[in-house]
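To start, the structure under review is shown below, and the notes come after it.
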Amino acid sequence: MSAESETNGGASSLSADTVEGIHSSAACYRQGSLSSQRDSTVLVIYTGGTIGMVNLNGSYQPLANCMISKLRSLPIFNSAAIQQQGSKEENEDSFLVLQSSAASPRRVAYKIIEFDPLLDSSNMAISDWIKIAECIKENYEEYDGFVVLHGTDTMAYTASALSFMLENLGKPVILTGSQIPIYESRSDGRNNFLDSLIIAGTCAIPEVVMICFFERVYRGNRCIKSDAESFSAFASPNMSPLVQLQVKIKVDYSSIFRQGSEDKFCISTNMCPNVGLLRLFPGITIQTVRAFLHPPVQGVVLQTYGAGNAPNNRPDLLSLFKEAYNWGVIIVNISQCTKGNVGASYATGAEVLKVKDALYPCLMSAAAKANDIPALEKLRVTNFNFLLADLLNQFAPPLNMVHYLLNHGVSVHARDCRRETPLYDAVSRGHLDIIRVLTQTGASLHLSVVDMAVKMC
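For the sequence shown, UniProt numbering assigns the number 1 to the initial residue and increments by one for each residue that follows.
Printed below as a string of structure tokens:
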């Protein structure tokens, strides 16, 4: 198990002087005082974890203001040749520079800032994720990439959270750490840190946040800590690595997530703490589930068996999940297995999907009525089979909403549970603009002119 020592609680913070120093140093560097414009700059955010611990009295402990001075003394992390070219008055605010290589003549200069206090990753909280996101935002324009040094125990959680907090990300953000402190002879931290600096500084990978560990770079929100004893501590069971660091660096560019908008980078820090993880097990009582779903819970990740199966001889459970939705609880179904996904191959899995079928029409109708296309888009990508007739039977949606649904595969011919078509409902309710759109799309009615006139009166 990675050696991470607990420190005092409380969110870590960065002083105004520290932030100002980062901006001025980066500006100085870009003006050419330390290197050429060909070089790239990386900001390293040291939050804590095993990678920076030192051996004190036989146990690993975090030591403030130690890592920077230690790294300056290691040529592999701070090229002696580069130091001679730089200022003779090197101080704690100056950049450390990696030596260039034949494979990549572009050097990487990096600056380290340190959280105060340093955190054991087991003590990470939402407030700490926000601090990391805000630090990246404050320095986003000044650096080409970012590396977050983090304890391994909750690294996957932080990577997942940041992947949603850092919106429209266009620069690499990489989390890394180690199983043995970087100062030890057998440490895995040196390679992990070097690999992260090189990827962040030389590879244009605008991913959603990555984890670099043991010669692999993974998408952060598809990653888990899978081994407490091995250097290969992380795995991505349902997605292959984005990068493999071998004799050559192999980037799987076809798998890189690319932003689909022209919006600028921003952060979202409005986090909800009232989300829980509910793992089903044989014999779980309805009282246990009911207690779990009650306020203040707002969302539940439901871990079911195999391919998303739940007991189909427990109507009390399915009924309770529907009740929870009516209370406003969001329920997401995932498999307890590390590989595979949720499906409906078995009757028990189909029972869980019945809950989805009961909830989604309400969600789709609410989004359409509010003319909330972004919300509708999120629901649409789940491949739910939405029927336009269901919508028209309730109200007349905005015309742009009708166009949106038709442009995204909703059929004008599909009948609802009443065996009626969208055009029939539009005619019955006299929605002339919608009738025009539907007929232009190919909808037709098998009614006489008289019957149609009666319907519209």
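Heads up, the beta-carbon is just placed ideally off N, CA and C, and yes, glycines get one too. All figures in this text were calculated on a predicted structure; none of them were measured in a lab.
Chain-order list of residues whose beta-carbon lies under 8 Å from that of L169 (same chain, five-residue window excluded)
What you label residue 169 is simply residue 169 of the sequence shown in a count that begins at 1. So the qualifying residues of the chain are P206, E207, V208, V209, Q259, F265.
Assuming contact is defined by CB atoms lying nearer than 9 Å, are S268 and M165 in contact in what I supplied?
By 1-based counting over the sequence shown, the position of residue 268 is 268. By 1-based counting over the sequence shown, the position of residue 165 is 165. The answer is yes: Cβ separation under 9 Å.
Simplified DSSP state of Y29, which is helix, strand or coil
Along the sequence shown, one-based indexing puts residue 29 at 29. Unreliable placement is indicated for Y29, whose pLDDT of 49 sits below 50; the coordinate value is still reported in the next sentence. Residue state, collapsed to three classes: helix.
Near M271, which residues of its chain fall below 6 Å by C-beta distance, leaving aside the five closest residues on each side in sequence?
Within the sequence shown, residue 271 is the residue found at index 271, counting from 1. So the qualifying residues of the chain are I126.
On the DSSP bridge assignment, give the partners of P257 in chain order.
Indexing the sequence shown from 1 puts residue 257 at position 257. A quick correction: the sequence has Phe, not Pro, at residue 257. Its beta-bridge partners do not exist; DSSP assigns none.
From which residue to which residue does the beta strand (DSSP E) around residue 478 run?
No answer is possible for residue 478: the residues shown for the chain start at 1 and end at 457.
Contact under 9 Å by Cβ, V42 with G145
One-based indexing of the sequence shown puts residue 42 at position 42. One-based indexing of the sequence shown puts residue 145 at position 145. Judged by beta-carbon spacing, G145 lies within the 9 Å limit of V42, meaning their Cβ atoms are closer than that value.
In three-state terms, what does DSSP make of T152?
Translated into the one-based positions of the sequence shown, residue 152 becomes position 152. The answer is coil: DSSP assigns T152 none of H, G, I, E or B.
I think Y218 touches P241, with their Cβ atoms under 8 Å apart; what is that distance to the nearest whole Å?
On the sequence shown, position 218 is the one that residue 218 refers to. On the sequence shown, position 241 is the one that residue 241 refers to. The C-beta distance from Y218 to P241 rounds to 6 Å, short enough to fall under 8 Å.
Look up R219 in the DSSP assignment and give the residues it is bridged to.
One-based indexing of the sequence shown puts residue 219 at position 219. R219 is bridged to M210.
Check whether T47 and V148 have beta carbons under 9 Å apart:
Walking along the sequence shown from the start, residue 47 turns up at place 47. Walking along the sequence shown from the start, residue 148 turns up at place 148. Yes, Cβ-Cβ distance for T47 and V148 is below 9 Å.
Tell me whether the stretch 276–292 and the stretch 170–180 touch, counting them as touching only if at least three CB pairs, one residue from each stretch, are closer than 8 Å.
no
Please state the DSSP three-state secondary structure of L194.
Indexing the sequence shown from 1 puts residue 194 at position 194. Looking at L194 - three-state DSSP - the assignment turns out to be helix.
Given R186 as reference, the closest of V301, I51, S444 once Cα atoms are compared:
Residue numbering aside, residue 186 sits at position 186 when the sequence shown is read from its first letter. The option with the nearest alpha carbon to R186 is I51.
Alpha-carbon to alpha-carbon, R190 and Q298
The residue you call residue 298 lines up with position 298 of the sequence shown. The residue you call residue 190 lines up with position 190 of the sequence shown. Going by the C-alpha atoms only, they are around 42 Å apart.
Three-state secondary structure (DSSP) of F321
The sequence position of residue 321 within the sequence shown is 321, counting from 1. Helix at F321.
G189, DSSP secondary structure in three states
Along the sequence shown, one-based indexing puts residue 189 at 189. Note: G189 maps to helix in three-state DSSP.
Whole-Å CB distance - V332 paired with L302, under 8 Å assumed
Within the sequence shown, residue 332 is the residue found at index 332, counting from 1. Within the sequence shown, residue 302 is the residue found at index 302, counting from 1. Confirmed, about 7 Å.
What are the partner residues of R179, as DSSP defines its beta bridges?
Start at 1 with the first residue of the sequence shown, and residue 179 comes out as number 179. According to the sequence provided, residue 179 is Gln. The question's Arg does not apply to it. Answer is none; Q179 lacks a bridge partner.
Return helix, strand or coil for T269, following the three-state DSSP convention.
As a first step, residue 269 must be located in the sequence shown, where it is residue number 269. It is coil, neither helix nor strand.
Which residue comes first and which comes last in the beta strand (DSSP E) that contains L302?
Along the sequence shown, one-based indexing puts residue 302 at 302. Residues 299–304.
Mind pulling the beta strand (DSSP E) runs of 3 or more residues that sit fully within the UniProt repeat "ANK" (418–450)?
DSSP runs (the beta strand (DSSP E)) wholly in the UniProt repeat "ANK" (418–450): none.
Could you check where the beta strand (DSSP E) with V243 kicks off and where it finishes?
To locate residue 243, count along the sequence shown from 1; it is residue 243. Start and end: 243–245.
Taking buried to mean at least 16 other C-beta atoms within 10 Å of its own C-beta, is P62 buried or exposed?
Indexing the sequence shown from 1 puts residue 62 at position 62. Around the C-beta of P62, 16 or more other C-beta atoms lie within 10 Å, and the residue is accordingly described as buried.
Suppose the cutoff is 8 Å on Cβ atoms and the five residues either side in sequence are ignored; what does the same chain contact list for C66 look like?
For this step, residue 66 is matched to residue 66 along the sequence shown. Counting only Cβ-Cβ distances below 8 Å, and skipping sequence neighbours, we find G52, V54.
Suppose the cutoff is 6 Å on Cβ atoms and the five residues either side in sequence are ignored; what does the same chain contact list for N274 look like?
On the sequence shown, residue 274 is found 274 positions in, with the first residue counted as 1. These residues qualify, in order along the chain: P296, V297, Q298.
If distances are taken between C-alpha atoms only, which option among A200, E167, A235, L320 comes closest to F214?
Within the sequence shown, residue 214 is the residue found at index 214, counting from 1. Nearest C-alpha to F214: A235.
Just confirm the distance between the C-beta atoms of G276 and V300, as a whole number of angstroms; I'd bet it's less than 8 Å.
Sequence index remark: in the sequence shown, residue 276 carries index 276 (1-based). Sequence index remark: in the sequence shown, residue 300 carries index 300 (1-based). Rounded, the Cβ-Cβ distance is 6 Å, consistent with contact.
Report the three-state DSSP secondary structure of E114 (helix, strand or coil).
Here residue 114 refers to the residue found at position 114 of the sequence shown. Strand at E114.
Would V437 and H408 be called neighbours here (beta carbons separated by less than 9 Å)?
Taking the sequence shown and counting its residues from 1, one reaches residue 437 at position 437. Taking the sequence shown and counting its residues from 1, one reaches residue 408 at position 408. Against a cut-off of 9 Å, the Cβ pair of H408 and V437 comes out as no contact.
How would you label Y253, buried or exposed, when you count the other beta carbons within 10 angstroms and need 16 or more for buried?
For the purposes of this step, residue 253 is taken as residue 253 along the sequence shown, with counting starting at 1. Exposed, because fewer than 16 other Cβ atoms sit within 10 Å of the Cβ of Y253.
Out of G220, C203, E262, which has the shortest C-alpha to C-alpha gap to residue 485?
Lying outside 1 to 457, the shown extent of the chain, residue 485 is not represented and no answer is given.
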